[in-house]
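Visitor: What follows is a structure written as structure tokens; I'll ask about it next.
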Ligand code: IPM
Ligand code: MG
């Protein structure tokens with residue numbers, strides 16, 4: 008079998024640093040062919056647009072795409088005609104048909120002290136956000152006249168059906184519960200969402216379904232996160248709720264994601280952004296990208312053993328107390344850790360070294 012072809016899209020800000028870190032880990036667990044392309048602000052600088060047809064084609068021909076982050080103050084503008092880095096990401100999602108965004112939230116036992124929530128709240132949390140990624144208000148008609156602007160939220164039953172299928176399939180292999188999040192008390196798209204999800208649920212008698220309004224879901228996520236198994240929701244609600252859910256893991260720097268379509272290459276990327284304030288300082292947390300690389304191995308190139316090995320190595324490095332600055336507990340809230348070695352604050356490279364040191368690579372192919 009030839010080596011899987013991976014397109015690396017480092018993007019902007021801390022993107023190049025964290026993608027380089029993930030590449031080191033990938034090189035340890037298998038043989039891959041890597042090519043690197045520009046996207047986001049880097050592509051705007053080079054080509055005047057956030058995603059070129061050539062880069063999209065390169066991604067289409069790959070087995071999987073590993074992306075860092077896009078965006079930064081340099082390209083911020085309220086001019087509707089100015090190119091925006093985020094168009095690169097959205098163009099990639101649409102262009103590759105990646106309608107299903109999976110964001111697993113499973114706080115590391117070593118990091119409960121790093122979450123702003125109390126340990127007893129977080130304990131037992133193991134949830135998966137299944138976010139619809141190519142519809143809704145992100146892609147509806149929009150426009151601006153002098154002092155009026157609009158963005159339209161549109162969903163078809165077919166779009167809802169396929170993402171609901173993803174969520175129910177996932178739940179069937181987990182704890183068997185889907186919470187579908189909408190705003191059906193106000194939005195027409197949400198009422199179609201609810202009806203369609205009910206219809207899909209009928210085909211999964213073993214999976215329990217409940218519906219929750221998005222404002223309540225935002226509250227429940229911090230009040231009782233362990234009650235969730237799979238959260239199924241539309242594009243913008245999923246964007247917001249997944250950032251909120253990330254804080255259950257201690258830092259936005261911990262959350263990986265997989266964006267999948269029907270069989271073509273997926274895009275694997277950390278949920279966090281380009282963090283321009285710390286770009287180039289060598290202190291970005293590479294773990295969300297390393298964990299995204301693990302998701303890529305599992306969902307993108309059929310190497311589940313290597314994926315688990317990476318996830319275990321991350322856990323082991325954290326258990327040894329290795330921490331990037333975003334994971335350091337707030338001084339006054341340091342939990343008692345009498346039987347643990349002291350936490351060691353490190354940069355991107357040392358954290359990656361720590362993961363590599365824990366990686367159990369056998370001679371057998373993983
Ligand atoms: C995400 C990001 C993107 C989104 C931005 C960068 C367009 O926030 O992946 O969650 O809103 O989808
Ligand atoms: Mg987001």
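Residue numbers (this note's numbering): 8 to 373. Here a beta-carbon is modelled for each residue, glycine too, at the ideal position from N, C-alpha and C.
1) Tell me the rounded alpha-carbon separation between residue 190 and residue 353.
2) Does the distance from the C-beta atom of residue 240 to that of residue 188 stay below 8 Å?
3) Should residue 280 be listed as close to the ligand IPM, given that the test is whether its C-beta is under 7 Å from any heavy atom?
4) With DSSP collapsed to three states, give me the class of residue 108.
5) Taking the alpha helix (DSSP H) that residue 17 falls in, what are its first and last residues?
6) Ordered along the chain, which non-local residues of its own chain (more than five positions away) have a Cβ less than 7 Å from that of residue 245?
7) Output yes or no for whether 8 Å exceeds the beta carbon distance between residue 254 and residue 116.
8) Would you say the beta carbon of residue 6 is closer than 7 Å to some non-hydrogen atom of the ligand IPM?
9) How would you label residue 284, buried or exposed, when you count the other beta carbons within 10 angstroms and need 16 or more for buried?
10) Of all residues in the structure, which have a C-beta closer than 6 Å to any heavy atom of the ligand MG, taken in chain order?
11) CB-CB under 6 Å to residue 330, same chain, minus the five flanking residues each way: which ones, in chain order?
12) For residue 341, which of helix, strand or coil comes out of DSSP?
13) In terms of residues, what are the limits of the alpha helix (DSSP H) holding residue 129?
14) Which residue marks the beginning of the beta strand (DSSP E) containing residue 168, and which one marks its end?
Guide: On the basis of the data shown:
1) In this structure, the straight-line span from the alpha carbon of residue 190 to that of residue 353 is close to 43 Å.
2) It is a contact, given that the beta carbons lie within the stated cut-off.
3) Yes, the Cβ of residue 280 comes within 7 Å of a heavy atom of the ligand IPM.
4) Judged by DSSP in its simplified three-state form, residue 108 adopts strand.
5) Not the alpha helix (DSSP H): residue 17 falls in the beta strand (DSSP E), residues 12-18.
6) The residues are 108, 136, 138, 139.
7) The Cβ atoms of residue 254 and residue 116 do not sit closer than 8 Å to each other.
8) The requested residue 6 does not occur in the structure, where the chain is confined to residues 8 to 373.
9) Residue 284 is exposed by the Cβ-count criterion.
10) Having a Cβ closer than 6 Å to some heavy atom of the ligand MG are 246, 250.
11) Hits under 6 Å: 350, 352.
12) In this predicted model, residue 341 has a pLDDT of only 43, less than 50, meaning its place in the structure is not dependable enough to derive any value.
13) Annotation for residue 129: the continuous alpha helix (DSSP H) segment containing it runs 126-129.
14) In this chain, residue 168 is not harboured by any beta strand (DSSP E); it is covered by the alpha helix (DSSP H) spanning 164-179.
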